[in-house]
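A short worksheet on the structure shown next.
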Amino acid sequence: MTKTSSIMVASIKGGVGKTTVAVNLAVALSIAGYKTLLYEMDTVNPGVSYHLGKLDDESSVQVYKPTGLQYSPARVSESYGATEQERASQLESEIKSGNYDFVVIDTQSADKSLLKRHFDMGLIIINPDEQSCAAGIMAKDLLESSGAKCNIMLNRGFEKPYALSDREIEEMFGTPIMAKAEEDLSLRKSLLEHVPNIITENAPKFNSQISNLARVYAAMIDEDYAQKFENFGKELNRAKSEIKKLQR
Ligand SMILES: Nc1ncnc2c1ncn2[C@@H]1O[C@H](COP(=O)(O)OP(=O)(O)O)[C@@H](O)[C@H]1O
Ligand SMILES: [Mg+2]
Numbered sequence: 001m002t003k004t005s006s007i008m009v010a011s012i013k014g015g016v017g018k019t020t021v022a023v024n025l026a027v028a029l030s031i032a033g034y035k036t037l038l039y040e041m042d043t044v045n046p047g048v049s050y051h052l053g054k055l056d057d058e059s060s061v062q063v064y065k066p067t068g069l070q071y072s073p074a075r076v077s078e079s080y081g082a083t084e085q086e087r088a089s090q091l092e093s094e095i096k097s098g099n100y101d102f103v104v105i106d107t108q109s110a111d112k113s114l115l116k117r118h119f120d121m122g123l124i125i126i127n128p129d130e131q132s133c134a135a136g137i138m139a140k141d142l143l144e145s146s147g148a149k150c151n152i153m154l155n156r157g158f159e160k161p162y163a164l165s166d167r168e169i170e171e172m173f174g175t176p177i178m179a180k181a182e183e184d185l186s187l188r189k190s191l192l193e194h195v196p197n198i199i200t201e202n203a204p205k206f207n208s209q210i211s212n213l214a215r216v217y218a219a220m221i222d223e224d225y226a227q228k229f230e231n232f233g234k235e236l237n238r239a240k241s242e243i244k245k246l247q248r
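Residue numbers for the sequence shown follow this note's numbering, so the first one is 1 and each next one is one higher.
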């Protein structure tokens, strides 16, 4: 591993699960032992703090103590434009700093200009419906035009007959679905508790899908990734007991 890999979690549509996936993926990578920064670019409706809990200081990069994840939460900007540009250049310098193995970026649905910047990888989040797929294709095209390699994650999957099938989705995108997670309402419990779902017993299938996703990204950049994941369960349990201590 010689450089930072940036993963832009994107769609042009809100509510598809970008923030949920970005937060849990970043937490999973930090549990596996990768130096990870979660960078929030949604200054219209920032959501990261609902997953990670209240901020305990005002510094721009903070440490999420249970796992060592670093994160930079966005604050709501009153004038759209200036803050986004400032944060976009701060994000660029964080990526260049060499301080991280992974930088995971949670973005805002409407910010198309950000998607025209260069990121190593795009994780396009879609649901099994035409509107979110169209929004995903738009995000993918923008990211690929600046050189990102994009993968697709189908989130909030549910049973037919009202859902698009995997095959229909893959035909629309012209590429296979890399990861899938079903609709699971117990994710809301974690949001109420302000604990990232992966460090809870809620939605266990979602959690194993996210840890698989973290493993796939680790395998892309690290030939020793399997060794790192040997201790994943132990480190996850350690994070769970840290959370319990903090909740007392
Ligand atoms: N797999 C899922 N199952 C059930 N609810 C989900 C799932 N993924 C996301 N959600 C819920 O959908 C809502 C929007 O998710 P969020 O991650 O904030 O989307 P976005 O960042 O794309 O706007 C949240 O209430 C979240 O808990
Ligand atoms: Mg969001």
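Idealized CB from N, CA, C, for every residue including glycine.
Specify the secondary structure class of residue i as computed by DSSP and reduced to three states.
{"i": "GLY68", "result": "coil"}
{"i": "GLU40", "result": "strand"}
{"i": "ARG167", "result": "helix"}
{"i": "ARG156", "result": "strand"}
{"i": "PHE173", "result": "helix"}
{"i": "ASN151", "result": "strand"}
{"i": "ASN197", "result": "helix"}
{"i": "LYS96", "result": "helix"}
{"i": "PHE229", "result": "helix"}
{"i": "SER109", "result": "coil"}
Looking at the unbroken alpha helix (DSSP H) that takes in residue i, where does it start and where does it end?
{"i": "TYR217", "result": "204 to 221"}
{"i": "ILE243", "result": "232 to 247"}
{"i": "LEU142", "result": "130 to 145"}
{"i": "LEU187", "result": "187 to 193"}
{"i": "VAL21", "result": "18 to 31"}
{"i": "HIS51", "result": "48 to 52"}
{"i": "LYS112", "result": "112 to 115"}
Please say whether residue j and residue i have beta carbons closer to each other than 8 angstroms?
{"i": "ASP184", "j": "PHE206", "result": "yes"}
{"i": "ILE12", "j": "LYS112", "result": "yes"}
{"i": "ARG156", "j": "GLY14", "result": "no"}
{"i": "ALA28", "j": "ILE198", "result": "yes"}
{"i": "VAL9", "j": "VAL104", "result": "yes"}
{"i": "ILE137", "j": "SER6", "result": "no"}
{"i": "LEU213", "j": "ALA239", "result": "no"}
{"i": "ALA22", "j": "THR36", "result": "no"}
{"i": "VAL48", "j": "TYR71", "result": "yes"}
{"i": "ASN24", "j": "PRO196", "result": "yes"}
{"i": "GLY68", "j": "HIS194", "result": "no"}
{"i": "ALA139", "j": "LEU114", "result": "no"}
Does ligand 1 have even one heavy atom less than 7 angstroms from the beta-carbon of residue i?
{"i": "ARG117", "result": "no"}
{"i": "ILE125", "result": "yes"}
{"i": "ALA181", "result": "yes"}
{"i": "VAL314", "result": "What the structure shows of the chain is the stretch from 1 to 248, and residue 314 is not part of that stretch, so it cannot be assessed."}
{"i": "ASP222", "result": "no"}
{"i": "LEU246", "result": "no"}
At a cut-off of 7 angstroms, is residue i close to ligand 2 when judged by its beta-carbon and the heavy atoms of the ligand?
{"i": "GLY136", "result": "no"}
{"i": "GLY47", "result": "yes"}
{"i": "ASP106", "result": "yes"}
{"i": "ASP42", "result": "yes"}
Does the CB of residue i have a neighbour CB from chain D at under 8 angstroms?
{"i": "VAL195", "result": "In summary, chain D is missing from the structure at hand, where a single protein chain is found."}
Residue i: beta carbon under 7 angstroms from a heavy atom of ligand 4?
{"i": "THR19", "result": "For the structure depicted, ligand 4 is absent and the ligand set comprises only ligand 1 and ligand 2."}
Just reading off the beta strand (DSSP E) that residue i is part of, what are its end residues?
{"i": "SER5", "result": "5 to 10"}
{"i": "LYS180", "result": "177 to 182"}
{"i": "VAL103", "result": "102 to 106"}
Which partner residues of residue i appear in the DSSP bridge assignment?
{"i": "LYS13", "result": "Paired residue(s): none; LYS13 is not in a bridge."}
{"i": "GLN62", "result": "TYR71"}
{"i": "ILE125", "result": "MET153"}
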